[in-house]
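Protein chains: 2
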Amino acid sequence: MSEIKFIDKLSKHFEKLPGVGKKTAERYAYHIAEKMTIDEVEAFAKELVTTKKDVKHCKVCGMLTDQETCPICASSYRTKDQIMVVRDTKDVIAIEKTNQYNGLYHVLGGLISPLDGISPDDLNIDSLEKRLDGIKEVIIATSFTPNGETTALYLEKIIKKDGLVVSRIGYGLPAGGDIEYVDELTLRRAIDARKINN
Amino acid sequence: MSEIKFIDKLSKHFEKLPGVGKKTAERYAYHIAEKMTIDEVEAFAKELVTTKKDVKHCKVCGMLTDQETCPICASSYRTKDQIMVVRDTKDVIAIEKTNQYNGLYHVLGGLISPLDGISPDDLNIDSLEKRLDGIKEVIIATSFTPNGETTALYLEKIIKKDGLVVSRIGYGLPAGGDIEYVDELTLRRAIDARKINN
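The listed protein sequences derive, respectively, from chains Y and C. Position 159 of the first sequence, counted from 1, bears residue number 284 in our numbering, the numbering being contiguous throughout. Position 156 of the second sequence, counted from 1, bears residue number 281 in our numbering, the numbering being contiguous throughout.
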């Protein structure tokens, strides 16, 4: 209805966010219109655009960063011969919070999913193979879901070579769960109890 | 952690929205950074500021609008001698969706709430009293909550006068519920079965 066209217009944008339906989007839009100050809204809008403009993928590991090389790849304090392979940047953050791992990462940008038409070629896998010189261990930390398992098996197969330990993050990861929502204790155990595959 | 400072910064803004905690805010921020195009984000940011700048309260009824007088008050097709009193603009929208009411509105901007320190002086009540000339019926449509009841009783007392019918929206409104979330059928019944108080 025309009385709230401007709420409708703003809601449409909020509806693009994950898990946000029409009702929630309208609630957000009313909050912007009624409760927030113009200064708050302008700062919010500016940050949206700044974030989007600054963000890129680390040219080494593929995680989101606002620099060419992410702070983890660039750090001199990390163990350089260990790479943990994860689905996305949120997984890196979850692992980092455990303070249990000090190696490098490789961010795939997704999982192999035949049903969604996502094949290995769509993921950041080529660049992983090119990083393996001098690496002693690759820890595959994909979730215990069908796509996570498929991806792990595929990776194990293609990166297998003499002198390289390929392990899977293991103990404690609940079935069907996304890594980013797992509590820190469980993640710590999962890292400690990783299972060496060869 | 420094690796995701830009996500943290953007999340802080999302956390100001109603019902959005840290996890949800981060999810939104990652979605902005990873999934949306720069064009989408820029359009979103622009709409936020435009909405906030354009929005004001109708000088007659107090509802949110982008004009001096809202389209309902300005319409020549509405019944001009009937005013429905509601808490906020979202309630107007919910009532309008029923197509069951064709009078005017008055938006209080809240409910009387002694516990939160909200007194009648904090609400848009003075201007209601000034609108009563020529009005035949005032329908009080506040929710069945302690604050809604308090507000309704207060309004009934102060606007009572000869020749003015004061009614309460009634039948069907579930106790404790916010009007904006009630289904349209229930709202229609509630409007039809309103109870005349004097």
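Heads up, the beta-carbon is just placed ideally off N, CA and C, and yes, glycines get one too. Bear in mind the structure is a predicted one, so any value in this text is a computation, not a measurement.
In the structure shown, residue 184/C falls within a coil segment according to DSSP collapsed to helix, strand and coil. In the pairwise beta carbon analysis, the stretch 200 to 207 of chain C is classified as not touching the stretch 178 to 185 of chain C: fewer than three pairs are separated by under 8 Å. Per DSSP, reduced to three states, the secondary structure at residue 293/C is strand. Taking a C-beta distance under 7 Å as the contact criterion, residue 275/Y and residue 316/Y do not qualify as a contact pair. The Cβ of residue 131/Y sits closer than 7 Å to at least one Cβ of chain C.
In terms of Cβ geometry, residue 256/Y and residue 143/C do not form a close pair [threshold 7 Å].
Shown here, residue 279/C sits in a helix according to DSSP, grouped into three states.
With at least 16 other beta carbons inside 10 angstroms of its own, residue 129/C counts as buried.
Under DSSP, residue 226/Y takes part in no beta bridge, so it has no partner.
Neighbours of residue 209/C in chain Y, taken as residues whose beta carbon is under 9 Å from its own, are absent, since the nearest beta carbon is some 14 Å off. Boundaries for residue 165/Y: no beta strand (DSSP E) harbours it, while the alpha helix (DSSP H) harbouring it runs 163 to 179, taken from the DSSP string. Under the 8 Å Cβ criterion, the stretch 251 to 265 of chain Y counts as touching the stretch 283 to 293 of chain Y, having at least three qualifying pairs.
In this structure, DSSP gives residue 233/Y a state outside helix and strand, which the three-state scheme calls coil. Listed along the chain, the chain C residues whose CB falls inside 9 Å of the CB of residue 283/Y amount to none; the nearest CB is some 25 Å away.
In the structure shown, residue 265/C falls within a strand segment according to DSSP collapsed to helix, strand and coil.
In this structure, DSSP gives residue 142/C a state outside helix and strand, which the three-state scheme calls coil.
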